[in-house]
Amino acid sequence: MKFVTYAFVLMMMAGCAPPTTPGVTVLTYASPYAPTHPFSRADIFWMKWIEQESHGALHIQPYWSGSILSSEHSMDELRHGVADIGLITPIYVRGGTHLIRVQAGFYAGTTTFEQQVAVYRCMVPRDPQFDRELNNLIVLAVQGGNLPGIVTREHPIYSLKDLTGLRLRAPAELLGVLRQLGADPVDMPMGEVYSALAKGVIDGVVAPLDTLRSLHFGEVAKYFNNIAIPRGAYASRAMGIKRWNALTASQQQLLNRSQPVWEEAMARELRKANDAGERTGHEQHMLFTSMPLEDQENLLAVYNQFAERNARSLVRFNIDGLNTYHYARQLVEQMKNGTTGCQIGDASPSTDNSTTTSPLDHAVNQPNSLNTSGLRDIADAPLAGRNIHG
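Going by the working numbering, the first residue of the sequence shown is number 70, and it counts up by one from there.
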């Protein structure tokens, strides 16, 4: 049935594909998000950069709002050529991405998008399980994100004790953590949270500041506690291997060169969205609260306990998650101490980082910016000569 669906989507795309121009390669890009979403704004910036750097020889044709690529099956859909390039979320795939799902909990102590991406990039060459779980896909960008806080409807939170009995929507990886801290966590699609908050079905939601605006939580909630709940990085933009192999060497080099540009665009848009969410919260007269440092440290301790437990549980899939977990924790501690590089003690990565700049070198030395000099005019330029579907 799945293959019939892929074939049908491919036929539909063939019917609405833009006319080809001699000397121009058109690549399709698909996302479940609307073109106004922060992720999509970063995607559009990247598309313009590709067009500029290729001098118009490489065009990206976007399809938005899940019109051809689903959230749940996007990885398989890319493998089957439903789109050339797409947004993927392997941390939410129900099967086949065991390590990638669990490693999202290894990042406690990182505070920026760039640090999250750097830790991920250090882990990947050490453990071939990452490549096995992303088989037949070429990763074009890695994504981190804003640290979530806790949005509540009627109950302000000043300490971890205030979580007791609160029914909070949280991602699956946090359910055990919140339960141990006394909350009553539930997992539900983010699209249902606004209604659940408005009706009092839930007391709150674990979410970053940007949701106060983007998902309108500021309309139905009164409080935001800014405790920094960890989150991880993951491969988020990818291309099917068959389409990749059909590209020329120079086109492949351009896409490889675009990775830091795309990641910086995502980081920038997420920071802007976070700022906009905070402004919206103040405009809605929400109360912003903090937790004592001791509570933040206790949260991280519980979080790491569950992360280690989840890493250990991967042995049932013949995956040594514990080794990767310990390596990630060492990386984070090394980063917090200002030490750079992917190499730690006697545990050397499978690639030689001795003569190249490592991801951690960049994340520590330039925590809020990648090099996009000369690209400032791209954000305001139109996408040339194509329709935007959605």
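Beta carbons: idealized from backbone N, C-alpha and C, even for Gly.
Comparing alpha-carbon positions, which option in 383, 244 and 404 lies nearest residue 394? Translated into positions along the sequence shown, residue 394 becomes position 325. Residue 383 is the option with its Cα nearest to residue 394.
So the alpha helix (DSSP H) residue 326 belongs to, where does it begin and stop? For this step, residue 326 is matched to residue 257 along the sequence shown. Note, residue 326: alpha helix (DSSP H), 318 to 326.
Collapsed DSSP secondary structure at residue 354 in the structure displayed: Along the sequence shown, one-based indexing puts residue 354 at 285. Coil.
Identify which residue in 200, 335, 282 and 130 has its Cα closest to the Cα of residue 263. As a working note, residue 263 is residue 194 in the sequence shown. Taking only the C-alpha atoms, the option nearest residue 263 is 282.
Cutting at 8 angstroms between CB atoms, please list the residues of its own chain near residue 284, excluding the five before and the five after it. Reading the sequence shown from its first residue, position 215 is the one you call residue 284. So the qualifying residues of the chain are 259, 262, 263 and 276.
Using 8 angstroms as the cut-off, classify the Cβ of residue 401 as near or not near the heavy atoms of the ligand SAM, replying yes or no. The ligand content of the structure shown is nil, which means the ligand SAM is not present either.
6 angstroms CB neighbourhood of residue 95 in its chain, flanking five on each side removed: Counting from one through the sequence shown, the residue named residue 95 turns up at place 26. Closer than 6 angstroms at Cβ, skipping near neighbours: 128 and 130.
Run through the DSSP bridge pairs and tell me what residue 128 is partnered with. As a working mapping, residue 128 is identified with position 59 in the sequence shown. Answer is 95, bridged to residue 128.
Throw me the rounded Cβ distance for the residue 301 and residue 174 pair, which I believe falls under 8 angstroms. In the sequence shown, counting from the first residue as 1, residue 301 sits at position 232. In the sequence shown, counting from the first residue as 1, residue 174 sits at position 105. The beta-carbon separation of residue 301 and residue 174, rounded to 6 angstroms, stays under the 8 angstroms limit for a contact.
Give me, in chain order, the residues of the same chain whose beta-carbon lies closer than 6 angstroms to that of residue 239; leave out the 5 immediate sequence neighbours on both sides. Walking along the sequence shown from the start, residue 239 turns up at place 170. Correct list, in chain order: 247, 254 and 275.
Which ranges would you report for the beta strand (DSSP E) in the region 153 to 211 if only whole runs of at least 3 residues count? Counting only runs of 3 or more, we get 154 to 156.
Residue 293 bridges to which residues according to DSSP? Along the sequence shown, one-based indexing puts residue 293 at 224. Per the DSSP secondary-structure output, residue 293 pairs in a beta bridge with 220 and 357.
With 16 as the cutoff for other CB atoms within 10 Å, does residue 344 come out buried or exposed? For the purposes of this step, residue 344 is taken as residue 275 along the sequence shown, with counting starting at 1. Its Cβ having fewer than 16 others within 10 Å, residue 344 is exposed.
Please list, in chain order, all residues of the same chain as residue 135 whose beta carbon is under 6 angstroms from its beta carbon, the five residues on each side excluded. Working through the sequence shown from its first residue, we reach residue 135 at position 66. The residues are 101.
In terms of DSSP beta bridges, what is residue 307 paired with? Here the question's residue 307 lines up with position 238 in the sequence shown. 155 and 208.
Between the alpha carbons of residue 404 and residue 351, how many angstroms are there, rounded? Counting from one through the sequence shown, the residue named residue 404 turns up at place 335. Counting from one through the sequence shown, the residue named residue 351 turns up at place 282. Taking C-alpha positions only, residue 404 is separated from residue 351 by approximately 33 angstroms.
Please confirm whether residue 104 and residue 133 have their CB atoms less than 9 angstroms apart. Taking the sequence shown and counting its residues from 1, the one referred to as residue 104 is at position 35. Taking the sequence shown and counting its residues from 1, the one referred to as residue 133 is at position 64. A contact, by the Cβ cut-off of 9 angstroms.
On the three-state DSSP scale, how would you describe residue 344? As a first step, residue 344 is located in the sequence shown; it is residue number 275 there, counting from the start. Helix.
Can you check whether the CB of residue 406 is closer than 9 angstroms to the CB of residue 357? Here the question's residue 357 lines up with position 288 in the sequence shown. Here the question's residue 406 lines up with position 337 in the sequence shown. With a cutoff of 9 angstroms on beta-carbon distance, residue 357 and residue 406 are scored as not near each other.
State the DSSP-derived secondary structure class of residue 401, mapped to helix, strand or coil. Stepping through the sequence shown from its first residue, residue 401 is reached at position 332. In this structure, DSSP gives residue 401 a helical state, which the three-state scheme calls helix.
Quick check: what's the CA-CA separation for residue 140 versus residue 336? In the sequence shown, counting from the first residue as 1, residue 140 sits at position 71. In the sequence shown, counting from the first residue as 1, residue 336 sits at position 267. So the two alpha carbons sit approximately 21 angstroms from each other.
Exposed or buried, residue 354, counting other C-beta atoms within 10 Å across all chains shown (16 or more means buried)? As a first step, residue 354 must be located in the sequence shown, where it is residue number 285. Per the 10 Å Cβ criterion, exposed.
What is the DSSP secondary structure of residue 253, reduced to helix, strand or coil? Taking the first residue of the sequence shown as position 1, residue 253 is located at position 184. Per DSSP, reduced to three states, the secondary structure at residue 253 is strand.
How would you call residue 502, buried or exposed, if buried means at least 16 neighbouring beta carbons within 10 angstroms? The displayed coordinates of the chain run from 70 to 459. Any statement about residue 502 would go beyond what the structure contains.
Check the DSSP bridge columns for residue 273 and list the partner residues they point to. What you label residue 273 is simply residue 204 of the sequence shown in a count that begins at 1. Partner(s): 221 and 237.
Exposed or buried, what is residue 234 when buried is set at 16 or more other beta-carbons lying within 10 Å of its beta-carbon? The count along the sequence shown starts at 1 and reaches residue 234 at position 165. Counting Cβ neighbours within 10 Å, residue 234 comes out exposed, since fewer than 16 surround it.
Would you tell me roughly how many angstroms separate the C-alpha atoms of residue 122 and residue 325, rounded to the nearest one? As a first step, residue 122 must be located in the sequence shown, where it is residue number 53. As a first step, residue 325 must be located in the sequence shown, where it is residue number 256. Taking C-alpha positions only, residue 122 is separated from residue 325 by approximately 12 angstroms.
Does any residue of chain B have a CB that is nearer than 9 angstroms to the CB of residue 242? As a matter of chain content, chain B is missing from the structure shown, which is built from one protein chain.
Taking the alpha helix (DSSP H) that residue 144 belongs to, which residues open and close that run? Here residue 144 refers to the residue found at position 75 when the sequence shown is read from its first residue. Unbroken alpha helix (DSSP H) run through residue 144: 143 to 148.
What did DSSP end up calling residue 226 once you bin it into helix, strand or coil? The residue given as residue 226 occupies position 157 in the sequence shown. Correct three-state label for residue 226: coil.
Measure the alpha-carbon distance for residue 313 versus residue 338 and round it to whole angstroms. Walking along the sequence shown from the start, residue 313 turns up at place 244. Walking along the sequence shown from the start, residue 338 turns up at place 269. Straight-line Cα distance between these residues: approximately 27 angstroms.
Specify, as a first and last residue, the run of the alpha helix (DSSP H) that residue 118 falls within. Looking up residue 118 in the sequence shown gives position 49. Start and end: 107 to 122.
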